[in-house]
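A.B. asks: Residue numbers (full-length UniProt numbering): 1 to 345.
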């Protein structure tokens, strides 16, 4: 956790949401980064404590639930040698949490960082970078941004680095998915990009390279629930959430939180392919058209305490977004990109 981001963003307790968090004595740090320690709610009636693990604060309302589901995935990051990773993956099988996480890492990291490697004739015919092209379109439409900026659902983090190169302030990437987030942390902390690339079946190759993105010193990654953002109203000059809306249980609450933390006059970029899955989003919350998407955003940003109206700058753009699954399979979505401004107050 970079001190720059902690001091500038002043996170609040995600449990009670009444008080700010304070860093407890005894934290381990190097330069401007807290590597390990505890953050404590300063409300005595709450007093909840949140860990900083491998440089990443875990700020979620249900800490026990998140750790129960993810702690083993955090420990698996110690499997750092390619041949060991290969053997472990083969032994535990494709339906294990370990290999499900590797499949996600492969698809997301290839899209975010695949351009850093020479073209691979077996890696599919669609060029990586769908998420970056979507972000570039949004930034060009929204205009100059000073910061701070919140990148919601940043996954493996390339978009956060791209945003930092385009603005002046701190950029915070947040996600609940630790296996994805730790790829971005590897770039941030060690200048090392490393991820598994799925070939066919349950066979993976290791991809790694040294990568030091411009302005990376102004980026940090935290584990945060996008539906309970632990920040004060009006904190961010820009909030970006690309293909996150249909990955959360309550899309309306996500929009409420984004509109709440967006600064008056600030920009918001929302993208969604509207590709719903019942394990992620209950059926009653599904939206079945771009018009329904825009109407929901309009309603949600006006209906809740703390939210502020979000006004579209233009109708939603329809952009292609390809996701590589393995050498022989790529899925291409049509994602709806909506750029908006938060109302002045």
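Note that CB positions come from ideal geometry on N, CA and C, so glycine has one too.
A quick note: this is a predicted structure, and the numbers were derived from the prediction, not measured.
Taking all protein chains shown into account, decide if residue 58 is buried (16 or more other Cβ within 10 angstroms of its Cβ) or exposed.
C.D. replies: It is buried - the Cβ of residue 58 has at least 16 other Cβ atoms within 10 Å.
A.B. asks: Is residue 266 helix, strand or coil when you go by DSSP?
C.D. replies: Strand, per DSSP.
A.B. asks: For residue 257, count neighbouring Cβ atoms within 10 angstroms of its own Cβ and tell me buried if that reaches 16, exposed if not.
C.D. replies: Per the 10 Å Cβ criterion, buried.
A.B. asks: Compare the beta carbon distance of residue 187 and residue 193 with 8 Å and say whether it is the shorter of the two.
C.D. replies: A contact, by the Cβ cut-off of 8 Å.
A.B. asks: Along the chain, which unbroken stretches of the beta strand (DSSP E) at least 3 residues long are found entirely within the segment 10-46?
C.D. replies: Here the runs fully enclosed are 21-23, 28-30, 33-41.
A.B. asks: Which residues does DSSP list as the beta-bridge partners of residue 333?
C.D. replies: Answer is 321.
A.B. asks: Is residue 82 closer than 8 Å to residue 183 when the C-beta atoms are compared?
C.D. replies: Taking 8 Å as the Cβ cut-off, residue 183 and residue 82 do not qualify as a contacting pair.
A.B. asks: Spell out the partners DSSP gives residue 195 in its beta bridges.
C.D. replies: Its beta-bridge partners are 207.
A.B. asks: From the DSSP output, read off the bridge partner residues of residue 2.
C.D. replies: Residue 2 is bridged to 33.
A.B. asks: Is residue 293 helix, strand or coil by DSSP?
C.D. replies: Looking at residue 293 - three-state DSSP - the assignment turns out to be helix.
A.B. asks: Please give the ranges of any beta strand (DSSP E) in the segment 107-169, keeping only runs that are unbroken, at least 3 residues long and fully inside the region.
C.D. replies: The segment 107-169 contains these whole beta strand (DSSP E) runs: 149-152.
A.B. asks: Can you give me the start and stop residues for the alpha helix (DSSP H) that residue 261 sits inside?
C.D. replies: 251-261 is the span of the alpha helix (DSSP H), which, as asked, contains residue 261.
A.B. asks: Out of 113, 134, 265, which one is the CA nearest neighbour of residue 213?
C.D. replies: Comparing Cα-Cα distances from residue 213 to each of 113, 134, 265, the minimum goes to 113.
A.B. asks: Spatial neighbours of residue 103 within its chain, please: C-beta separation below 7 Å, excluding the five flanking residues on both sides.
C.D. replies: 198, listed in sequence order.
A.B. asks: Which residues does DSSP list as the beta-bridge partners of residue 173?
C.D. replies: In DSSP, residue 173 forms a bridge with 151, 221.
A.B. asks: If contact is defined by three or more beta carbon pairs under 8 Å, each pair taking one atom from either stretch, is the segment 280-297 in contact with the segment 155-163?
C.D. replies: They do not touch, by the three-pair rule.
A.B. asks: For the structure I just gave you, are there three or more beta carbon pairs, one from the segment 80-99 and one from the segment 209-228, closer than 8 Å?
C.D. replies: Judged by Cβ distances under 8 Å, the segment 80-99 makes no contact with the segment 209-228, as fewer than three pairs qualify.
A.B. asks: Compute the beta-carbon to beta-carbon distance between residue 244 and residue 171, rounded to the nearest angstrom, for a pair I have assumed lies under 8 Å.
C.D. replies: Not confirmed; about 16 Å, so no contact.
A.B. asks: Which class does residue 343 belong to by DSSP, given the choice of helix, strand or coil?
C.D. replies: It is coil, neither helix nor strand.
A.B. asks: Can at least three beta-carbon pairs, one atom from the segment 260-270 and one from the segment 235-243, be found at a separation below 8 Å?
C.D. replies: The segment 260-270 vs the segment 235-243: in contact.
A.B. asks: Please classify residue 60 as buried or exposed, where buried requires at least 16 neighbouring CB atoms within 10 angstroms.
C.D. replies: By the 10 Å Cβ count, residue 60 comes out buried.
A.B. asks: Could one say the Cβ of residue 232 lies closer than 8 Å to chain C's Cβ atoms, at least one of them?
C.D. replies: Included in the structure is just one protein chain, with no chain C present.
A.B. asks: Given a threshold of 16 other Cβ atoms within 10 Å of its Cβ, counted over all protein chains shown, does residue 153 qualify as buried or as exposed?
C.D. replies: By the neighbour-count rule (16 or more Cβ atoms within 10 Å), residue 153 is buried.
A.B. asks: Residue 46 to residue 4, Cα distance in whole Å?
C.D. replies: If you take the alpha carbons of residue 46 and residue 4, they lie about 26 Å apart.
A.B. asks: How big is the Cα-Cα spacing for residue 336 and residue 26?
C.D. replies: So the alpha carbons of these two residues sit roughly 46 Å apart.
A.B. asks: For residue 150, which residues from the same chain have a beta carbon less than 6 Å from its beta carbon, with the 5 sequence-adjacent residues on both sides left out?
C.D. replies: Only 172, 236, 239 meet the Cβ criterion.
A.B. asks: Kindly indicate the opening and closing residues of the beta strand (DSSP E) around residue 239.
C.D. replies: Run containing residue 239: 236-242, per the beta strand (DSSP E) assignment.
A.B. asks: Using a Cβ distance threshold of 8 Å, determine whether the segment 299-310 contacts the segment 271-281, with at least three qualifying pairs required.
C.D. replies: Contact fails: fewer than three Cβ-Cβ distances are below 8 Å.
A.B. asks: Tell me whether the beta-carbon of residue 106 lies closer than 8 Å to the beta-carbon of residue 204.
C.D. replies: Going by C-beta atoms, residue 106 is nearer than 8 Å to residue 204.
A.B. asks: Report buried or exposed for residue 310, applying the criterion of at least 16 other Cβ atoms within 10 angstroms of its Cβ.
C.D. replies: Buried is the call here.
A.B. asks: Given a threshold of 16 other Cβ atoms within 10 Å of its Cβ, counted over all protein chains shown, does residue 100 qualify as buried or as exposed?
C.D. replies: With fewer than 16 Cβ atoms within 10 Å of its Cβ, residue 100 is classed as exposed.
A.B. asks: Using 8 Å as the threshold, is the C-beta distance between residue 50 and residue 63 below it?
C.D. replies: In this structure, residue 63 lies closer than 8 Å to residue 50 by Cβ.
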